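J.: Handing you this structure, nothing more for now.
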Amino acid sequence: MEDLNDLVFFARVVEHQGFSAASRQLGVPKSRLSRRITLLEERLGVRLLQRSSRRLVLTSVGERFYERCQAIVALGESAHELIQEAVAQPQGVLRVSCPLTLAQFWLTPLLPAFMKAHPRVRLLLTVSNRRVDPLEEPMDVVLRVRRPPFDDSSLVVRPLGRTHDVLLASPALLRERGMPEDVPGLQAWPTLSLPAEGERHAWLLRRDADAAELVHAPRLVCGDMFALKRAALEGLGVVLLPGILCREELGDGRLVRVLPEWGCTESEIQAVFPSRRGMLPAVRALVDFLAAHPAG
192 MEDLNDLVFF
202 ARVVEHQGFS
212 AASRQLGVPK
222 SRLSRRITLL
232 EERLGVRLLQ
242 RSSRRLVLTS
252 VGERFYERCQ
262 AIVALGESAH
272 ELIQEAVAQP
282 QGVLRVSCPL
292 TLAQFWLTPL
302 LPAFMKAHPR
312 VRLLLTVSNR
322 RVDPLEEPMD
332 VVLRVRRPPF
342 DDSSLVVRPL
352 GRTHDVLLAS
362 PALLRERGMP
372 EDVPGLQAWP
382 TLSLPAEGER
392 HAWLLRRDAD
402 AAELVHAPRL
412 VCGDMFALKR
422 AALEGLGVVL
432 LPGILCREEL
442 GDGRLVRVLP
452 EWGCTESEIQ
462 AVFPSRRGML
472 PAVRALVDFL
482 AAHPAG
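Per the working numbering: the sequence shown = residues 192 to 487.
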């Protein structure tokens, strides 16, 4: 396959009717330009130009070759314009992954404002609770909730907020059972839980420097935190949920914190992407927008 630069050189020499004018337009020395065209002809085994002291004339095969070169140059310029346009303003397809609950209570209410502000962005949102690796899957931005320590040195991480899990129950359940005095006092309580790895369900709770593990057999296991909150509101059990998910219910008393001095290690809500280098404006615009409207 020929060097595409040589095809561009040839097309520009023909368009400018000579090596001198083409040399000035391309910023390439005239001698180098002439040599590249000569080498091109030698590789092709045909003469493309008839040279004289006053002008250049295309041979018959040179005319047909020039038509193809024009098309190649036009495609190259079009591709370059496409990239220039893409990096100039937010546009194009933006692939985002987000956990279910985070999407429900935080991300999706924000998206209409973002998309109205950037009408040329097309958003493909994947809502999933599985761990997504942007180095392994075609995702521009992965939103996630993580507890320290963070071990993704190969990724760029942008913090978007903080939250921590708290124990919650309905006033009716507390009236029925009374407020427990310590973590072991919850051992016989009905519980509601997210799925666990394996069959063992345990909550690791902390109070300052103290730690306690509550092993339990939940009445309801569900990957939807809103379903767990609904069950807790109905008095079906005590649940461990992010405090930011239950602000309204805690504010109006429909849910009450159980053992309020105990909770989980604070978690960080993050936007994760492979690299800042070559970051498309649409990615930067979304991450900056979410950072301006933090969760937590």
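Yeah, the Cβ is synthetic: ideal placement off N, Cα and C, and Gly gets one too.
From a predicted model like this one, the values you see are computed outputs, not experimental measurements.
1. Could you pull out every residue in the same chain whose Cβ sits closer than 8 Å to the Cβ of V204, ignoring the five residues on either side in sequence?
2. At what residues does the beta strand (DSSP E) containing L285 begin and finish?
3. In whole angstroms, what is the alpha-carbon distance linking Q461 and M370?
4. Specify the secondary structure class of G428 as computed by DSSP and reduced to three states.
5. If we ignore side chains and look at the alpha-carbon of each, how far apart do P339 and C455 end up?
6. Let me know if K420 comes out buried or exposed under the rule of 16 or more other beta-carbons within 10 Å of its beta-carbon.
7. In angstroms, rounded to a whole number, what distance separates the CA positions of V332 and L351?
8. Reducing DSSP to helix, strand and coil, say where P362 ends up.
9. Taking Cβ to Cβ, would you say P290 is nearer than 8 Å to V336?
10. Can you list, in chain order, the residues of its chain whose CB lies under 6 Å from that of H484, leaving out five sequence neighbours each side?
11. Along the chain, where does the beta strand (DSSP E) containing F464 start, and where does it finish?
12. Could you give the first and the last residue of the continuous beta strand (DSSP E) run that contains P451?
13. Give me the Cβ distance between W394 and G428, rounded to the nearest whole Å; I'm assuming they're in contact under 8 Å.
14. Can you say whether S361 is buried or exposed, counting buried as having 16 or more other CB atoms within 10 angstroms of its CB?
15. To which residues of the same chain is P220 closer than 8 Å at the C-beta, ignoring the five residues directly before and after it?
16. Which residue from F417, L432 and E459 puts its Cα closest to that of V447?
17. Here's a check: name, in chain order, each residue in its chain whose Cβ is nearer than 6 Å to the Cβ of H392, leaving out the five neighbours to either side.
18. In whole angstroms, what is the alpha-carbon distance linking L424 and G434?
19. Can you check whether the C-beta of G236 is within less than 8 Å of a C-beta belonging to chain C?
20. Measure the alpha-carbon distance for T250 versus V287 and round it to whole angstroms.
T.: Per the coordinate set shown:
1. F210, A213, L224, I228, L240 and L247
2. G283 to C289
3. 35 Å
4. coil
5. 12 Å
6. buried
7. 13 Å
8. helix
9. yes
10. L301
11. S458 to F464
12. It is not in any beta strand (DSSP E) - P451 carries neither H nor E in the DSSP assignment.
13. Wrong, their Cβ atoms sit about 12 Å apart, outside the cutoff.
14. buried
15. S214
16. L432
17. S384, H407 and P409
18. 14 Å
19. The structure shown has no chain C; it contains just one protein chain.
20. 54 Å
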